[in-house]
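Notes follow the structure.
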Amino acid sequence: MKRVLMLVAAVAVLAGAAMVKPIPAVKVEKVNDRIYALLGPTELPNATNHGYMVNSTLILGDKAAILIDTGMSDEVGAHIRKAAEKLTKLPITHIINTHHHGDHTLGNVVFQGAEIISSESCKKLVEDTGADWIAIAESAIGRKLPNTKAIPASRTYASQSRTPVEINGVKMEFWVPEAAHTKGDMLVWLPDDKVLIAGDVLVNTTTPNFRDAEVKKWVQTLADLQQFPARTVIPGHGPLMTMKDTAAMHKRMADFYAGVEKVYKDGGSEGDIRQKVSLKDWQKLKHFDEQMGGNINKTWLEIEAANF
Ligand SMILES: [Zn+2]
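Note that the sequence shown covers residues 11 to 318 in our numbering.
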């Protein structure tokens with residue numbers, strides 16, 4: 011009898027395990043001999059993708075590797091690390107965070123011993139909002155993440171700076187604009203490779219998220235970004251981009267901001283925006299329905315505050 015019960019229990023455990031789908035595979039895109047884009051799914055975080063939604067970038071240096079953005083939990087971080095280990099035997103000695111959002115930073119915890127690099131503001135935001143981001147991740151995927159901790163950077167770069175550095179023999183430039191997708195974005199330009207890694211300042215085929223954005227400064231950052239002669243652009247979410255794609259995003263954002271501002275200056279209200287501002291190009295993007303209401307509201311409040 012006891013044996014039968016144990017067998018039933020074992021079968022139940024196995025069936026339960028089978029029902030939990032693994033984290034979706036990392037889509038590897040080789041950019042050149044030393045750069046790989048590790049593309050994540052483009053769904054919003056949920057129980058099925060375990061919060062895996064971010065694009066990471068693996069850069070192979072002379073004796074060690076560099077990883078940009080680490081996923082939304084320790085599990086996603088380990089998943090990305092495993093994908094990196096299939097591509098190289100080099101240890102990952104440096105982590106770069108493009109901004110503080112949990113989907114880009116909460117995997118830092120599995121890269122112990124690596125130096126973590128971000129903008130100064132990103133570091134502060136990880137310290138101040140890390141616990142909130144763990145709660146957001148847990149609620150999105152529907153379970154606790156007991157081993158996820160927010161680990162801030164130990165090496166930082168000031169707002170409105172452009173700093174050439176060399177890490178593991180790879181020349182790069184860290185560009186920290188005043189603000190864009192967040193107040194702490196940092197873009198990475200690789201001059202020898204002509205590759206730009208943009209975090210969520212650029213997203214492709216999906217609706218950008220304005221939650222912590224400064225929309226007007228984001229539009230300016232997208233204009234400034236046009237000076238980079240990039241062969242390949244790696245966005246924070248979605249497929250790889252060309253500079254032409256970045257110009258299209260700049261135009262879409264600039265037209266939207268100008269349209270909302272015009273409604274305001276003509277004495278209209280937030281409720282008029284969907285009638286008076288063309289959202290035709292936005293409607294093609296994924297997650298338009300979930301994100302655009304918040305984006306309109308954020309932009310409206312920003313313009314209202316600027317004109318007060
Ligand atoms: Zn993101």
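Heads up, the beta-carbon is just placed ideally off N, CA and C, and yes, glycines get one too.
Asp203 and Ile151 have their alpha carbons spaced roughly 37 angstroms apart. Take the alpha-carbon of Tyr46 and the one of Ile283: they are about 41 angstroms apart. A distance below 6 angstroms between beta-carbons, with the five flanking residues on each side excluded, links Thr309 to the following residues of its chain, in chain order: Val225 and Val270.
A residue is called buried once 16 or more other Cβ atoms fall within 10 Å of its Cβ, and Thr216 is buried on that count.
If you draw a straight line from the Cα of Pro32 to the Cα of Asn214, it is about 25 angstroms long.
Looking only at Asn65, Gly61 and His104, the smallest Cα-Cα distance to Lys73 is reached by His104. Judged by DSSP in its simplified three-state form, Glu148 adopts helix. Considered as a whole, the stretch 70-106 harbours 84-97 as its complete alpha helix (DSSP H) runs of no fewer than 4 residues, in chain order. When secondary structure is reduced to three states using DSSP, His111 falls in the coil class, being assigned neither helix nor strand. Secondary structure note for Gly278: it is in no alpha helix (DSSP H), with a DSSP letter that is neither H nor E. Counted as a single uninterrupted DSSP element, the stretch harbouring Ala315 is not any beta strand (DSSP E) but the alpha helix (DSSP H) occupying residues Phe298 to Ala316.
At least 8 angstroms separates the beta-carbon of Asp113 from that of Thr158.
Bounds of the alpha helix (DSSP H) holding Ala233 are Val225 to Asp234.
In this structure, Leu250 lies near Glu39, with their beta-carbon atoms less than 8 angstroms apart. Along the stretch 156-219, the alpha helix (DSSP H) does not occur as any fully enclosed run of 4 or more residues. With a cutoff of 8 angstroms on beta-carbon distance, Tyr267 and Val229 are scored as near each other. Between the alpha carbons of Ala35 and Lys272 lies a gap of roughly 44 angstroms.
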